[in-house]
Amino acid sequence: MRAPAKINIFLKIVGTRGSYHELISRFVRYEDLYDQLMFIPGSFDRFTILGMDLPTEHNIIYKAYLKLLERFPKIVPFFKEHALKVDKAIPQGAGLGGGSSDAAAFLLMCQERLELNLSSQDLMSIGASIGADVPFFLSQLPSANVSGIGEIIEPFEDDIPPLELKLLPIHCDTAKVYQNWRRNHLRFDLPMAQKLTAMKSSEILATIAPTKANDLYSSALDLCPDLRRYQKEWFLSGSGSTLLRSKR
Numbered sequence: 000m001r002a003p004a005k006i007n008i009f010l011k012i013v014g015t016r017g018s019y020h021e022l023i024s025r026f027v028r029y030e031d032l033y034d035q036l037m038f039i040p041g042s043f044d045r046f047t048i049l050g051m052d053l054p055t056e057h058n059i060i061y062k063a064y065l066k067l068l069e070r071f072p073k074i075v076p077f078f079k080e081h082a083l084k085v086d087k088a089i090p091q092g093a094g095l096g097g098g099s100s101d102a103a104a105f106l107l108m109c110q111e112r113l114e115l116n117l118s119s120q121d122l123m124s125i126g127a128s129i130g131a132d133v134p135f136f137l138s139q140l141p142s143a144n145v146s147g148i149g150e151i152i153e154p155f156e157d158d159i160p161p162l163e164l165k166l167l168p169i170h171c172d173t174a175k176v177y178q179n180w181r182r183n184h185l186r187f188d189l190p191m192a193q194k195l196t197a198m199k200s201s202e203i204l205a206t207i208a209p210t211k212a213n214d215l216y217s218s219a220l221d222l223c224p225d226l227r228r229y230q231k232e233w234f235l236s237g238s239g240s241t242l243l244r245s246k247r
């Protein structure tokens with residue numbers, strides 16, 4: 000199964016909830032860049048992920064597996080006879096939601112292959128408990144306004160122009176970008192967020208300054224100063240470091 004990337008056309012922080020940040024953001028599926036997941040037959044003594052350097056216990060897919068295991072102990076034999084192979088193409092630490100997309104694809108694969116018969120609401124609930132971006136990937140929508148801490152997804156009739164992505168060899172640590180924003184850039188602009196939710200993606204990319212469209216841009220610039228040369232013409236996806244703009 001393909002697990003596509005996502006990009007943020009805009010991202011506004013409109014509140015905090017404990018250590019969480021309440022967002023309003025335009026998520027767009029980017030089908031041209033994707034990971035590939037498949038079940039591989041074999042003999043395994045535990046849940047096994049092939050193709051990734053990250054230890055299984057630290058992988059968001061493993062969190063998804065544990066959530067399923069709580070409800071469906073019957074899945075254990077299947078995963079003693081199958082490993083999950085992940086062919087990675089989406090870079091980590093790039094603001095493209097690769098890990099969350101993998102977790103969503105894994106849940107959808109299990110739903111079909113293991114005949115779990117989970118309702119859409121149950122799947123979304125499991126996804127929200129795993130990671131903020133997972134529900135969007137489970138929705139399989141091409142474009143949506145996403146709010147709360149990722150659990151509120153509103154389909155959006157969008158106009159998405161051909162996009163140009165710049166994948167930089169820079170790792171932006173998501174947690175540190177958010178922490179730095181809270182320490183040094185904390186400010187809420189709800190009117191701007193509401194304005195952006197009504198605009199088509201093509202209009203945002205053509206008329207809004209990149210640093211105004213993403214509240215995390217200023218924080219990412221603090222931590223990753225190599226981004227500064229791009230800030231006038233390129234939009235930041237999520238917490239970075241991937242940049243995007245309309246094709247020229």
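Position 165 (the sequence shown) corresponds to 164 in numbering that gives the first Met the number 0; numbering is contiguous.
We put the beta carbon where it would ideally sit given N, CA and C, even for glycine.
Since we're looking at a predicted model, the values are computed, not measured.
Rounded C-alpha distance that separates Ala93 from Ala219: Position 94 of the sequence shown, counted from the start, is the residue given in the question as residue 93. Position 220 of the sequence shown, counted from the start, is the residue given in the question as residue 219. Distance between the alpha carbons of Ala93 and Ala219: 11 Å.
Same chain, Cβ closer than 6 Å to Val133, neighbours up to 5 away in sequence not counted: Counting from one through the sequence shown, the residue named residue 133 turns up at place 134. Here Val133 has Ser99, Ala102, Ala103 and Gly126 as same chain residues with Cβ atoms under 6 Å from its own Cβ, once five neighbours each way along the sequence are excluded.
Span of the alpha helix (DSSP H) around Gly98: Within the sequence shown, the letter at position 99 stands for residue 98. Run containing Gly98: Gly97 to Arg112, per the alpha helix (DSSP H) assignment.
Continuous beta strand (DSSP E) assignments of at least 3 residues falling wholly in the stretch 167-230: You should have found no qualifying run.
Three-way DSSP call (helix, strand, coil) for Glu69 in this model: For this step, residue 69 is matched to residue 70 along the sequence shown. Helix.
Integer-rounded CB distance, given that Leu113 should sit under 8 Å from Ala82: Position 83 of the sequence shown, counting from 1, holds the residue named residue 82. Position 114 of the sequence shown, counting from 1, holds the residue named residue 113. Not a contact, Cβ separation roughly 15 Å.
Ile152 vs Phe135 beta-carbon contact at 7 Å: By one-based count along the sequence shown, residue 152 stands at place 153. By one-based count along the sequence shown, residue 135 stands at place 136. In contact: Ile152 and Phe135 (Cβ atoms closer than 7 Å).
Min CB distance Asp158 to chain D below 7 Å: Checking the listed chains, one finds no chain D in this structure; it contains a single protein chain.
For Ile59 and Ile129, believed in contact at Cβ under 8 Å, the rounded distance: In the sequence shown, the residue the question calls residue 129 occupies position 130. In the sequence shown, the residue the question calls residue 59 occupies position 60. Indeed they touch by this definition, with Cβ atoms about 6 Å apart.
Residues bridged to Ala4 [DSSP beta-bridge criterion]: By 1-based counting over the sequence shown, the position of residue 4 is 5. Partner(s): Tyr29.
Neighbourhood of Leu67 by C-beta, 7 Å cutoff - its chain only, sequence neighbours within 5 removed: As a working note, residue 67 is residue 68 in the sequence shown. The beta carbon of Leu67 sits closer than 7 Å to the beta carbons of Ile74 and Cys109 from its chain, once the five residues preceding and following it are set aside; these are given in chain order.
Distance CB(Tyr216)-CB(Leu235) smaller than 7 Å: In the sequence shown, the residue the question calls residue 216 occupies position 217. In the sequence shown, the residue the question calls residue 235 occupies position 236. Leu235 is positioned such that its CB atom lies closer than 7 Å to that of Tyr216.
Residue span of the beta strand (DSSP E) that contains Leu162, given as start and end: Reading the sequence shown from its first residue, position 163 is the one you call residue 162. Leu162 -> beta strand (DSSP E) spans Leu162 to Lys165.
Neighbourhood of Phe78 by C-beta distance below 6 Å, restricted to the same chain and skipping five residues each side: Here residue 78 refers to the residue found at position 79 of the sequence shown. Within the same chain, Phe46 come within 6 Å of Phe78 by CB-CB distance, once the 5 residues on both sides are set aside.
Helix, strand or coil at Ile241 according to DSSP, with G and I counted as helix: What you label residue 241 is simply residue 242 of the sequence shown in a count that begins at 1. In the sequence on display, residue 241 carries Thr and not Ile. Three-state DSSP puts Thr241 in coil, outside helix and strand.
Beta-ladder partner(s) of Gln35, from DSSP: As a first step, residue 35 must be located in the sequence shown, where it is residue number 36. Answer is Arg1 and Asp86, bridged to Gln35.
Option nearest Asp158 by Cα separation, candidates Ala143, Leu166 and Leu164: Along the sequence shown, one-based indexing puts residue 158 at 159. Closest in alpha carbon position to Asp158, among Ala143, Leu166 and Leu164, is Ala143.
Beta-carbon proximity check, Val13 vs Phe155, cutoff 7 Å: Here residue 13 refers to the residue found at position 14 of the sequence shown. Here residue 155 refers to the residue found at position 156 of the sequence shown. No Cβ-Cβ contact shorter than 7 Å links Val13 with Phe155.
Rounded separation between Val85 and Met51 - CA only: On the sequence shown, position 86 is the one that residue 85 refers to. On the sequence shown, position 52 is the one that residue 51 refers to. Approximately 7 Å, taken between the alpha carbons.
Assigned secondary structure, Leu115 (DSSP; H/G/I helix, E/B strand, else coil): The residue labelled residue 115 in the question sits at position 116 within the sequence shown. Here Leu115 sits in coil by DSSP.
Buried versus exposed, by CB contacts within 10 Å (16 or more), Tyr29: Along the sequence shown, one-based indexing puts residue 29 at 30. The residue in question, Tyr29, is buried, as its Cβ has 16 or more Cβ neighbours within 10 Å.
Buried/exposed call for Tyr19, threshold 16 Cβ in 10 Å: In the sequence shown, counting from the first residue as 1, residue 19 sits at position 20. With fewer than 16 Cβ atoms within 10 Å of its Cβ, Tyr19 is classed as exposed.
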